[in-house]
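If you count by numbering that gives the first Met the number 0, then the sequence shown holds residues 0 to 82, one letter each, in order. The beta carbon of each residue, even a glycine, is placed where N, CA and C say it ideally should be. All of these numbers come straight from a predicted model, not from anything done at the bench. Worksheet: one structure, shown below.
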Amino acid sequence: MTTTTPSPLSTEADARSRALRSFTWGLMIDVTVAVLLVLSTAFATIEWTREYWIALGLSVAKSVLQAAVAYVARRVVPPPLTA
0 MTTTTPSPLS
10 TEADARSRAL
20 RSFTWGLMID
30 VTVAVLLVLS
40 TAFATIEWTR
50 EYWIALGLSV
60 AKSVLQAAVA
70 YVARRVVPPP
80 LTA
């Protein structure tokens, strides 16, 4: 019985995949933060202010930056080849 090794992705496709995964994980963290902020305003006497929107915007911007860095890092520094 022979086992075939899947062909590796091109650097471009792998970089896009890595960036998408990084963005997805970052976005899940952002959604969790947003839900916690909404719950804290629902159960406390806190108002949803401009500062909350700024915090949420910065959190999403962090995810976009994280994805961009993951893409560039994969393009510039490819992972080491393993035997």
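When the Cα atoms are used, Ser-16 and Trp-52 turn out to be separated by approximately 29 angstroms. Annotated three-state conformation of Trp-47 is coil, per DSSP. Per DSSP, reduced to three states, the secondary structure at Val-76 is coil, with no helix or strand assignment.
In the three-state DSSP reduction, Ser-9 falls in the coil class, being neither helix nor strand.
Taking the Cα of Ser-21 as reference, the smallest distance to any Cα among Val-37, Val-75 and Ala-67 is reached at Ala-67.
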